[in-house]
Structure formats: C-alpha cells, structure tokens
Amino acid sequence: MHYLGYNALKQKFAGKQFEVLGFPCNQFNLQEPGDTATEILNTIKYVRPGNGYVPNFPMFAKVGVNGEDEHPLFTYLKKYCGPTADEFQDDLHYKPLRVSDVRWNFEQFVINQQGKPVVRFSPDVNPLNLTMVISSLLPHSAVDNMSNEIPMV
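If you read the sequence shown in the working numbering, its first letter stands for residue 19, the second for the next number, and so on.
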C-alpha cells in the first residue's frame, strides 16, 4: 500500500517542489533482504507490492535506520521528530534500542524546504493522508490549483 501511495503523492505534487525518497532497511523482521539495488527493485516489482510496480521516486541503497549501523541521516531526522510509538515491535535486528528509534519500515518523515524535519508519521499512516501537511509546507503558488481533498487508495 505504501509504495503505491508514494507514487500517488509524487503524481499529485508533480512540478510542485516536492520529492519522495525511499531508504530500504532490513532491521525489521528482515523484510528487505535484497543486497543490491537490482534485487530490491525486482522484489518490489514482482513480489511486494508486485504487479510490475516501479517507483517514480528515488530509491537509495539499503541503510540502517537504528542502532550501531544507523545512517547519519536518520540520526538527524530523529533529533527533530519524536517517536511515533512508545513500544517496540518484535523481531528487531539491531542494538541498542533507543526511545527515538524508527519503529518499523515505512515510518515517514516530512522535511521542509530548508531541510529540517517537521513531523514524523507511523508506518500505519497512508502516505496520501499526508497531503494537507505537505501542501502547507509548499510555497503558496505551488498549491494554488490543488484540491483540498485527500484521495484514498
């Protein structure tokens, strides 16, 4: 669902100074086992979500988002946005656990045009439900002709 939602967000905000960035991670139930970009892209094309899916946004190399292998980008993002849950899921593949940790794949950070994280959403939030937040951060002229409706996938 999230991959499809991210493509829909990119379409909705096409030409509006907006970008989606994907960072695969294998720290949660080993859900991203691919070692190379080709393996990861083939997994999302043929398995999850499948049906020939191709992301219309940049997908980066697999990274650690928590623990000893945490990428500095996620250290920065978590510094400005508090956690989305109080509890941790089972089957985590990193140590140590920290209160600020990303709780699961598809946790979402919204970053303003100055590069500062503004808000963080849990993985159960449909990306299309971020439309109003994203619109509020774009220059007024970028959203003049956009509908205020939040489309559902």
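Even for Gly, the Cβ is constructed at its ideal location relative to N, Cα and C.
Query - P135: first and last residue of the uninterrupted beta strand (DSSP E) it sits in - result: P135 to F139
Report task. Look at the alpha carbon of P135 and the alpha carbon of N69, and state the distance between them as a whole number of angstroms. Result -> 33 Å
Requested in this report: Can you have a look at R121 and say buried or exposed, based on whether 16 or more other CB atoms are within 10 angstroms of its CB?
Outcome: buried
Query raised in the report: Of the choices F78, V72 and D53, whose alpha-carbon is the least far from that of I62?
Result: V72
Query raised in the report: Can you name the start and end residues of the beta strand (DSSP E) that Q29 belongs to?
Result: Q29 -> not in any beta strand (DSSP E); alpha helix (DSSP H) instead, spanning H20 to K30.
Query raised in the report: For L27, is the classification buried or exposed, using 16 other Cβ atoms within 10 angstroms of its Cβ as the cut-off for buried?
Result: buried
Report task. Below 6 Å CB to CB, which residues in the same chain sit around V83 once its five sequence neighbours on both sides are set aside? Result -> C43, F92 and V120
**Report entry** P114 versus K96 - alpha carbon distance
**Finding:** 15 Å
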